[in-house]
Amino acid sequence: MKYSRYSTIVIGSGIAGLYAALKLEQQANLPDGIMVLTKSTFGESNSKYAQGGMVAVLKENKCDSTESHITDTIKAGAGLNDFNAVKFISENSDKVVKDLLNFGVEFDRDENNNFCFTREAAHSVRRILHSGGDATGRMIELALCKSVQSNTNIDIYENGLAVELLVNANSECKGVLVYNCITGEYETIYSPAVILATGGIGQLYKYTTNPEGATGDGLAIAYNAGAVMQDMEFVQFHPTALAFDDDVNRFLISEAVRGEGAKLVDADGIEFMQKYDERKELAPRDIVTRGIFHEMKEKHLDNVYLNASCIDKKTLAERFPTISKKCLEKGIDISRDFIPVAPAAHYFMGGIKTDIQGETSIKGLFAIGEVSSTGLHGANRLASNSLLECVVCAYEVSEFLKDKNLSSPKQIDSEIKSIIDKYSEDTDFEPIDTEDIKTELKEIMWKLVGIVRSEKSLTIAVEKLNELQEKFSRKDKCLNKSEYELKNMLTVAKLIAVSALRRKESRGAHYRLDYLNTYEDCVHSLLNKKEGELDFVK
Ligand code: FAD
Ligand code: SIN
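Residue 2 is where the sequence shown starts when you use the working numbering, and the numbers rise one by one after that.
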């Protein structure tokens with residue numbers, strides 16, 4: 002098997018991974034260089050599709066303050082947030098967002114060259130920066146990809162899927178085992194610092210705003226390596242994904258459209274959000290999603306509508322060029338027509354438990370961005386806080402690593418050797434038809450572990466997921482990328498369902514029909530794999 006050594010491996014080429022690589026290269030002593038490993042083409046990620054923007058509590062925005070951002074974040078998060086994480090991220094947003102500008106990132110400005118701020122649900126003031134109108138993610142990705150590509154100290158490895166972490170008996174991570182999706186070969190990459198920036202899980206659900214790659218890989222491989230996972234039951238469903246035909250991967254209609262004044266209506270044009278919350282369209286995301294879910298269920302509808310015709314035509318075209326264009330392709334003129342929308346899986350609040358610097362429970366393993374759980378988002382993420390968390394934690398992990406000895410390990414522990422041996426052996430597997438199993442898994446998650454849950458639905462889900470796991474017989478080595486992704490999806494789906502079953506309260510995005518109350522105490526759920534079994538950490 003081929004092998005290489007790096008001072009740091011960053012897994013993922015979304016905003017968290019790219020910015021971490023750039024900051025590390027700028028600051029740390031890297032005798033063996035940095036690698037950015039990514040499972041598809043460089044830059045393909047959830048980040049690329051982000052629309053609304055990035056929260057930035059900037060000193061020049063006199064209407065805003067960190068206190069107000071902290072309050073909004075904790076309110077939206079239904080109190081499950083870690084105060085210190087929220088405070089740190091909020092207080093560091095000015096410094097980090099401005100540092101991004103040094104890497105060619107630009108945000109929209111007005112005619113006086115001042116930043117334009119937009120508003121999204123549950124924010125008490127306008128504090129969200131955007132770029133290219135509604136193409137914030139794409140614009141930031143483009144700039145960061147360009148900076149990484151032109152940096153000769155950062156190697157890029159495309160179409161390389163991280164399949165297992167090299168963790169020894171002392172719970173120290175020494176690198177990662179990679180499957181090359183093009184050649185079908187395996188490679189070992191040794192490194193004293195592995196940064197997981199592998200993003201979310203939207204593809205576990207039938208309807209999602211996330212692209213194909215969001216299969217929870219980083220979560221599964223960290224869990225399998227023994228990392229402590231936090232709040233795995235908390236999945237955010239975005240209220241307004243474009244519900245057109247039977248598209249399952251749904252294009253997002255940004256919350257910023259509601260932030261600028263659009264209303265949710267039924268087919269007759271009647272507004273309904275006042276029935277669910279006095280903040281109506283601008284209530285926290287979980288509340289708006291449940292409102293729409295209820296309307297659809299009660300009236301047997303496949304979708305409701307967003308009416309943006311109250312927004313000035315010029316503003317719509319300038320602020321939302323991507324959304325306008327996409328809708329027009331479907332024959333919808335958003336300045337005039339109702340936009341059909343329905344909820345879809347969007348973001349994962351749970352993840353690998355980390356501190357602000359990305360440290361996990363495994364030495365040498367770091368996690369940043371959507372794959373991590375810092376405690377910022379609590380039970381329901383406040384809009385546009387994700388990109389902020391990506392960049393602040395990327396900045397902090399590089400601060401943490403900058404004074405460390407990053408020489409790659411020379412000695413190979415016996416446990417690591419046995420991991421490598423598993424993938425070196427020849428196999429005569431028959432391919433498995435992954436598509437059918439994936440479709441079943443997505444149905445189970447959507448119907449039974451979705452927006453509304455109960456003891457009954459979750460128990461059935463766990464049983465059905467166990468059956469799927471038996472049907473899919475791979476334990477470690479698989480035959481191709483799709484099999485690896487399915488293995489990871491099954492692992493993570495089960496963790497979500499089991500955690501949801503255990504949380505006997507409704508809080509934020511976790512809504513239990515049989516336990517409508519919220520506990521007074523906010524308790525994180527922590528789990529890990531011990532002696533091969535799922536174990537809840539007390
Ligand atoms: P990602 O951007 O998802 O990147 C993950 C990377 O890891 C990818 O490159 C992937 O290929 C790679 N990867 C995964 N598994 C492996 C593996 N096994 N081996 C190798 N590589 C792997 N948030 C906001 O704050 N504001 C917004 O306006 C906003 N809008 C959004 C709109 C949409 C449509 C979506 C889907 C999300 C939006 N979000 C928004 C959420 C936000 O975009 C994401 O949470 C954030 O971009 C995650 O960044 P990340 O770097 O952690 O992961
Ligand atoms: C959106 O634009 O509605 C998405 C914002 C987010 O997910 O934070």
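The beta carbon of each residue, even a glycine, is placed where N, CA and C say it ideally should be.
Residue i, enclosing beta strand (DSSP E) - first and last residue
| i | result |
| --- | --- |
| T189 | Y187 to Y191 |
| E261 | Note, E261: premise wrong, no beta strand (DSSP E); not H, not E. |
| C174 | C174 to N181 |
| I254 | It is not in any beta strand (DSSP E) - I254 carries neither H nor E in the DSSP assignment. |
| I10 | T9 to I12 |
| E165 | G161 to V168 |
| N529 | L527 to K531 |
| D156 | I155 to Y158 |
Residue i: CB within 7 angstroms of a non-hydrogen atom of the ligand SIN
| i | result |
| --- | --- |
| G53 | yes |
| H124 | no |
| A384 | yes |
| H70 | no |
| A257 | yes |
| E142 | no |
| S408 | no |
| Y516 | no |
| S94 | no |
| Y348 | yes |
Selection from the options that minimises the alpha carbon distance to residue i
| i | options | result |
| --- | --- | --- |
| E282 | E484, C146 and R120 | R120 |
| K99 | E456, E61, L469 and E188 | E61 |
| G270 | S310, S409, V236 and H301 | S310 |
| I183 | K276, S94 and G161 | G161 |
| E471 | R280, V450 and L442 | L442 |
| F84 | L491, I357, K423 and G533 | I357 |
| V450 | K482, Y224, K505 and V499 | V499 |
| A494 | H511, T153, M446 and G134 | M446 |
| L197 | I12, Y7 and K423 | I12 |
| L265 | P285, K314 and G292 | G292 |
| R286 | R320, V236 and V58 | V236 |
| G105 | T440, C146 and Y50 | C146 |
| A318 | R337, V149 and A163 | R337 |
Outcome for residue i when other beta-carbon atoms lying within 10 angstroms are tallied against a minimum of 16
| i | result |
| --- | --- |
| F89 | buried |
| Q52 | buried |
| M2 | exposed |
| E296 | buried |
| P432 | exposed |
| V524 | exposed |
| N211 | buried |
| E26 | buried |
| K545 | Since the first residue of the chain shown is 2 and the last is 539, residue 545 is not available in this structure. |
| F245 | buried |
| K478 | buried |
| C64 | exposed |
| R503 | exposed |
| N154 | exposed |
| E261 | buried |
| K505 | exposed |
beta-carbon residue i near the ligand FAD non-hydrogen atom, thresh 7 angstroms
| i | result |
| --- | --- |
| G359 | no |
| I254 | no |
| L178 | no |
| T119 | no |
| D218 | yes |
| G201 | yes |
| C328 | no |
| L243 | no |
| C391 | yes |
| A215 | yes |
Delimiting residues of the alpha helix (DSSP H) encompassing residue i
| i | result |
| --- | --- |
| Q358 | From DSSP, Q358 is part of no alpha helix (DSSP H); its letter is neither H nor E. |
| K457 | E456 to K472 |
| L487 | K482 to R503 |
| R291 | R286 to E299 |
| E400 | N386 to L402 |
| N225 | D218 to N225 |
| A343 | Taken as a continuous stretch (DSSP letters only), A343 belongs to no alpha helix (DSSP H), being part of the beta strand (DSSP E) at I340 to F349. |
Residue i beta carbon near the ligand COA (any heavy atom closer than 7 angstroms)
| i | result |
| --- | --- |
| H239 | Because the ligand COA does not appear in the structure shown, any question about it cannot be addressed here, the ligands present being the ligand FAD and the ligand SIN. |
(request) Tell me, please, whether the segment 132–152 touches the segment 399–408 by the rule of three or more beta-carbon pairs shorter than 8 angstroms. (result) As far as the Cβ criterion goes, the segment 132–152 does not touch the segment 399–408, which means the pair count is below three.
(message) Taking contact to mean 3 or more Cβ pairs, one atom from each stretch, closer than 8 angstroms, check whether the segment 69–80 and the segment 362–374 are in contact.
(response) The segment 69–80, when compared against the segment 362–374, does not touch it at the 8 angstroms Cβ threshold.
(message) For the segment 471–491 against the segment 511–529, do three or more pairs of beta-carbon atoms, one drawn from each stretch, fall closer than 8 angstroms, so that the two count as touching?
(response) Judged by Cβ distances under 8 angstroms, the segment 471–491 makes no contact with the segment 511–529, as fewer than three pairs qualify.
(message) Counting beta carbon pairs with one atom in the segment 368–386 and one in the segment 200–211, are three or more of them shorter than 8 angstroms?
(response) Yes: at least three Cβ pairs fall under 8 angstroms.
(message) Quick test of the definition: if touching needs 3 or more C-beta pairs under 8 angstroms, does the segment 221–241 touch the segment 166–174?
(response) Result yes; three or more Cβ-Cβ pairs closer than 8 angstroms.
(request) Say whether the segment 213–226 touches the segment 337–357, bearing in mind that this needs 3 or more beta-carbon pairs closer than 8 angstroms, one atom from each stretch. (result) Put simply, the segment 213–226 touches the segment 337–357. At least three CB pairs are less than 8 angstroms apart.
(message) Count Cβ pairs between the segment 11–23 and the segment 35–44 that sit closer than 8 angstroms; are there 3 or more?
(response) With the cut-off at 8 angstroms, the segment 11–23 and the segment 35–44 touch.
(request) Tell me, please, whether the segment 441–459 touches the segment 185–198 by the rule of three or more beta-carbon pairs shorter than 8 angstroms. (result) Verdict: no, contact absent.
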